[in-house]
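**Q** Numbering (the working numbering), first residue to last: 1 to 216. Heads up, the beta-carbon is just placed ideally off N, CA and C, and yes, glycines get one too.
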């Protein structure tokens, strides 16, 4: 139907835990009278009875529902992005050829990154809904795990391609790997890391609307 209805109307008698002193924003109570003809069994005549019905009217009820769902979508994307960053930072360190402790660790980290990146969010969300039920938890995990594969790959490649001169200078004065990474590599790659993270956030906001189709 056009124009689309943006208001909602509910019968007060059917609402549980209804409080007249605590109405939702912009809402009001509307009273309607409904007249019905009923047979009077004593006089065998039709009597007109008037019934008063109270409705809770929400003029922008539908818009408010849409707004709440939009905020929830953004929250899922934000938490999913945060989860992906927390997972990708250690993965990137282990997947960087010049910082990984061993070749086995490097292979394991690279394999984990490829596995996370190759699993589509929608498929992952379907399995997580079965495990955790309908709700935002499944959506956050699906977005976070998939995005961790992308960020882990991007972060690791930036660590490998960082300028070696600052790192060699720190190593020459006895700095360990973590200090070299913190003071010699992070200042170089931080702008790219921020750009990658913002891209993933933008992507997660769009994907959060898609995985909502499966209840995540």
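1) Which runs of the alpha helix (DSSP H), 4 residues or longer, sit entirely within the region 86 to 167?
2) Secondary structure at residue 239, three-state DSSP: helix, strand or coil?
3) What separation, rounded to the nearest whole angstrom, lies between the Cα atoms of residue 54 and residue 28?
4) Helix, strand or coil for residue 56 per DSSP?
5) If you run the structure through DSSP and keep just helix, strand and coil, what is residue 50?
6) To the nearest angstrom, report how far apart residue 101 and residue 107 are at their CA atoms.
7) Let's test the definition: count the other Cβ atoms within 10 Å of the Cβ of residue 85 and tell me whether it reaches 16, buried, or not, exposed.
8) Among the residues of its own chain, which have a CB less than 7 Å from the CB of residue 1, if the five just before and after it don't count?
9) Return the CA-CA distance between residue 17 and residue 31, expressed in angstroms with no decimal places.
10) What is the DSSP secondary structure of residue 42, reduced to helix, strand or coil?
11) In three-state terms, what does DSSP make of residue 173?
12) Taking 9 Å as the CB-CB cut-off, is residue 196 touching chain C?
**A** Looking at the coordinates:
1) 103 to 118, 121 to 132, 136 to 161
2) Nothing about residue 239 can be reported from this structure: the residues present for the chain run from 1 to 216 only.
3) Reading the chain shown from its first residue, position 54 is the one you call residue 54. Reading the chain shown from its first residue, position 28 is the one you call residue 28. Answer to the nearest angstrom: the Cα atoms are 10 Å apart.
4) On the chain shown, position 56 is the one that residue 56 refers to. Strand, per DSSP.
5) Counting from one through the chain shown, the residue named residue 50 turns up at place 50. In this structure, residue 50 counts as strand in the three-state DSSP scheme.
6) Walking along the chain shown from the start, residue 101 turns up at place 101. Walking along the chain shown from the start, residue 107 turns up at place 107. Distance between the alpha carbons of residue 101 and residue 107: 11 Å.
7) Stepping through the chain shown from its first residue, residue 85 is reached at position 85. Flag for residue 85 reads buried.
8) Along the chain shown, one-based indexing puts residue 1 at 1. Confidence in residue 1 is poor, its pLDDT being 46 and thus under 50, which makes the residue's placement unreliable; the coordinate value appears in the next sentence. Once the five neighbours on either side are set aside, residue 1 has no close Cβ partner at all.
9) Along the chain shown, read from residue 1 onward, the residue named residue 17 stands at position 17. Along the chain shown, read from residue 1 onward, the residue named residue 31 stands at position 31. Whole-angstrom Cα-Cα distance: 19 Å.
10) The sequence position of residue 42 within the chain shown is 42, counting from 1. DSSP places residue 42 in coil when its eight states are reduced to three.
11) Indexing the chain shown from 1 puts residue 173 at position 173. DSSP places residue 173 outside both helix and strand once states are collapsed to three, so it counts as coil.
12) Absent from the structure: chain C. Only one protein chain is present.
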